[in-house]
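Numbering (our numbering), first residue to last: 4 to 997.
Here is the structure:
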């Protein structure tokens, strides 16, 4: 009995002690700016894993030890650490420390933006939300100084081209390295990412910030970080949906209608004025208003786009999570193109104990799309974009009842019959009918996975192992069905299937140690090792002679062709290190080095070392700046220099290859396919960067940077003498440089309780020059472009067109000496200073809020860029005037002495490739507009279940200002012909959070 009593007393005192050690704390978190409750603010007990989140009224309560401290944080507000108590009243200030934003720049933990000596710029995920697009890369256009993004096609499944500070290579890749949650991805992966899942996108521009990635980072790095839950955060469910329509951005070409084209035929052949049947034809078309606007026939102005997103985000004491689902569906403005995407994301982190954390970031996406048939055949008569230009406006799309083409005078009009399958006036089939019996679809399943383990055995030491996977299966199916109503066209069916599987495994091991000496010297040392292996397997087959459309499998065919089969593999191993040092939070030094080995290069040069150094001086921390701190809030000076490699070539280019040849006498054969080069090595880019950043009057931010990038040992496909048995081979031969400057200026124009208006302007100027080509040769043709030392990559090469002689209507050109001539020659081709790559680019971003309304505008622009408008060769050319439709500009064609015009006479000589059709393709466009209304908190709180609600209108590419005379100037190419036009979207949506 005594023993039991003693046990009871001990338990009683223990429980009293625990009760005394733990007490309940509570309070309310509000905004210091307007007094509104801060919903979802994180409240953590310092030094523990205990935490919670504020509710819809900003309230919180939790148990905490005596004398505990609480850390309260919320996105966009300054974090506070306060002593725990009861009925606390905590007011969070808006964060004015723009340079204190944490960003991920490499393999280590996130760093404050204001402590990074390199050139880094981050886009918040908020600016990417609610975009009615499939490719999130499109949303980056105009947001980062020095980053050029071009969405060249309106095809729903189209990718974008991206360049950071110019073109650094000619034949190797010029695309940045893309990192998703720590793992390398391809640009194609952007089509599999839901923009609403993105937390931030960080662009690394100089050698200091990119050198840790070594051989892959010569063209810059873009790091995509997805959203994650927070420990101790109450679950938040978000549901958003939007619906809208797509149409063409615009078309500056004015094509002839049926009456105009018939009138122009009389200009081309004046004898038609005396042709009774021709005059009757003109009268018939005019009387009954018959004619076809092919632009309207092929391009829709109201194709639907829809998007639904659902996410759950939160965390317990030891686990943080984010789960999301996204649905996106759009129809192309050309009927036989569309896309559907489904995405599932799960980001999880768990603290197993205070020193061990595990986590995973998983994205699974399914995309199904159809591309416009013949869309990649520029001047095919069945390419709808090209057809909309050249098809005759007198050709009806439907049978004209009552019409006898041989006797227009006695023809009547009884309406329209069935849609035509064959256009007898032009002699070919209806492209939309052809698409109907040649269906093709592409399915892609993509998995992006990053699993990691973090170990913190002692204070400041973080050991991390991560395994990343970028994998996708791609299947393309195409049928050529029997044209049952037209059996002579395609009497038997065919089927083709192709499949490819790609995977890239990346294993990364790092150890990072952070420590401080004497409270002034901060060190961060990182050592790491990384291995990557990738493999692509692809095959395809087709069968002919299928006799029944219901039996559409290849096994139903009577004859199969030899299948295609390819395998490619690549391996890379790397060792790297990084040292970050700061003294008194005033002087900063970043050092990095990386040793890379790759299977892509010759056996004599498979390993290379890259590195960089950067220094930063935070001038405002100096004592002599005390008198300026009331107006000069931040001022930092940065300088960096380093090198990166480019390994953007296909596998096996350094090897002598043998390939299977065509069948000969029924037997297969082999042939030498590639010349070996055991000395093939890395392309190297060395970059110098100088920057000045700061903030004035707590309203104006600025970032000014100068850079000089030099590429050497350029990887190029070099032309060989045919006596070697090869036409070309890979070697390291050329050099070029890119020099320029970036600037970004942001201003808080209005900032008070009800109003906030911020405007940010960014821009870039880049000068590109080729300084060396092969073996002393100063110029030659490569990949359809003419290259010349002293000129930019992409400069136009052709004969200079001068004018039309008003005396005789003949074209006049200039020879190499600038003399006028009417006898054109290829020998007069001249290297201009006009490139399709814009030397100037920039963007303007405006955010205006008034109470619960917000208006976001994003403009982007490319300046002083030129593009050859190849469409005009066919639509402003008398040679084709009787076969194709023509632009209304042809009415200005020279007809008599004294006519001042830029279109020569019908009998004049025309030259394909002269500067007459070289147009200024500069543009400024309203890339994005969003007008939103957030429901007031008091209305939300009255529901007792909603945390937030917002409705919005969004628009993409709403306005475009350009002098280019084609469909759209945003085409990243030297010459434009038959390119799927870019699109404009408008959508309405709503978002609810619970």
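Glycine included, each C-beta is placed from N, C-alpha and C at the ideal position.
Run of the alpha helix (DSSP H) containing residue i, from where it starts to where it stops
{"i": "residue 270", "result": "261-271"}
{"i": "residue 387", "result": "387-393"}
{"i": "residue 435", "result": "434-439"}
{"i": "residue 300", "result": "297-301"}
{"i": "residue 704", "result": "Looking at the DSSP string, residue 704 is not in any alpha helix (DSSP H); the run it does join, the beta strand (DSSP E), is 703-722."}
In DSSP terms, what residue i is bridged to
{"i": "residue 373", "result": "341"}
{"i": "residue 919", "result": "The partner list for residue 919 (beta bridge, DSSP) is empty, contrary to what the question assumes."}
{"i": "residue 316", "result": "239, 325"}
{"i": "residue 453", "result": "364, 471"}
{"i": "residue 806", "result": "815"}
{"i": "residue 85", "result": "73"}
{"i": "residue 674", "result": "662"}
{"i": "residue 381", "result": "For residue 381, which the question treats as bridged, DSSP gives no partner whatsoever."}
Range covered by the beta strand (DSSP E) that runs through residue i
{"i": "residue 283", "result": "Counting along the chain, residue 283 falls outside any beta strand (DSSP E), though it belongs to the alpha helix (DSSP H) covering 279-291."}
{"i": "residue 202", "result": "201-207"}
{"i": "residue 836", "result": "833-838"}
{"i": "residue 546", "result": "524-549"}
{"i": "residue 512", "result": "496-520"}
{"i": "residue 478", "result": "464-483"}
{"i": "residue 680", "result": "Premise fails: residue 680 is in no beta strand (DSSP E) and is neither H nor E."}
{"i": "residue 689", "result": "686-699"}
Neighbour flag for residue i against chain B, beta carbons, 8 Å
{"i": "residue 28", "result": "You won't find chain B in this structure, because it holds only one protein chain."}
Proximity below 8 Å, CB of residue i to CB of residue j
{"i": "residue 400", "j": "residue 264", "result": "no"}
{"i": "residue 392", "j": "residue 339", "result": "no"}
{"i": "residue 988", "j": "residue 135", "result": "yes"}
{"i": "residue 610", "j": "residue 639", "result": "no"}
{"i": "residue 201", "j": "residue 229", "result": "yes"}
{"i": "residue 682", "j": "residue 786", "result": "no"}
{"i": "residue 717", "j": "residue 173", "result": "yes"}
{"i": "residue 969", "j": "residue 129", "result": "no"}
{"i": "residue 960", "j": "residue 177", "result": "no"}
{"i": "residue 257", "j": "residue 294", "result": "no"}
{"i": "residue 652", "j": "residue 175", "result": "yes"}
{"i": "residue 73", "j": "residue 115", "result": "no"}
{"i": "residue 770", "j": "residue 743", "result": "yes"}
{"i": "residue 159", "j": "residue 418", "result": "no"}
{"i": "residue 928", "j": "residue 886", "result": "no"}
{"i": "residue 318", "j": "residue 236", "result": "yes"}
{"i": "residue 849", "j": "residue 762", "result": "yes"}
{"i": "residue 126", "j": "residue 151", "result": "no"}
Span separating the alpha-carbon of residue i from that of residue j
{"i": "residue 433", "j": "residue 491", "result": "16 Å"}
{"i": "residue 852", "j": "residue 41", "result": "18 Å"}
{"i": "residue 431", "j": "residue 273", "result": "28 Å"}
{"i": "residue 553", "j": "residue 384", "result": "30 Å"}
{"i": "residue 578", "j": "residue 225", "result": "21 Å"}
{"i": "residue 645", "j": "residue 328", "result": "42 Å"}
{"i": "residue 706", "j": "residue 627", "result": "22 Å"}
{"i": "residue 521", "j": "residue 635", "result": "29 Å"}
{"i": "residue 979", "j": "residue 674", "result": "36 Å"}
{"i": "residue 137", "j": "residue 897", "result": "47 Å"}
{"i": "residue 57", "j": "residue 948", "result": "14 Å"}
{"i": "residue 992", "j": "residue 936", "result": "11 Å"}
{"i": "residue 966", "j": "residue 387", "result": "24 Å"}
{"i": "residue 101", "j": "residue 629", "result": "At residue 101, the pLDDT of 42 sits below 50, so the modelled position is not reliable; the number obtained from the coordinates is stated separately. The alpha-carbon atoms of residue 101 and residue 629 are separated by roughly 20 Å."}
{"i": "residue 459", "j": "residue 951", "result": "38 Å"}
Near the ligand ATP: residue i beta-carbon under 7 Å from a heavy atom
{"i": "residue 728", "result": "Looking for the ligand ATP in the displayed structure turns up nothing, as the structure carries no ligands at all."}
- Item | Cβ contact (3+ pairs, closer than 8 Å) linking the segment 464-475 and the segment 449-456 | yes
- Message: Contact between the segment 766-780 and the segment 791-800 is defined here as three or more beta-carbon pairs at a separation below 8 Å; is this criterion met?
- Response: yes
- Query: Is the segment 814-825 in contact with the segment 742-751, if contact means three or more CB pairs nearer than 8 Å?
  - Reply: no
- Query: Is the segment 897-916 touching the segment 799-813, taking contact as three or more C-beta pairs under 8 Å?
  - Reply: yes
- Given 8 Å as the limit, is there contact between the segment 966-985 and the segment 921-939, that is, 3 or more CB pairs closer than that? yes
- Inter-stretch contact at 8 Å, needing at least 3 Cβ pairs: the segment 716-736 / the segment 757-770: no
- Item | Three or more C-beta pairs below 8 Å linking the segment 688-699 and the segment 204-212 | yes
- Query: If we count Cβ pairs, one from each stretch, closer than 8 Å, do we get three or more for the segment 463-473 versus the segment 367-381?
  - Reply: no
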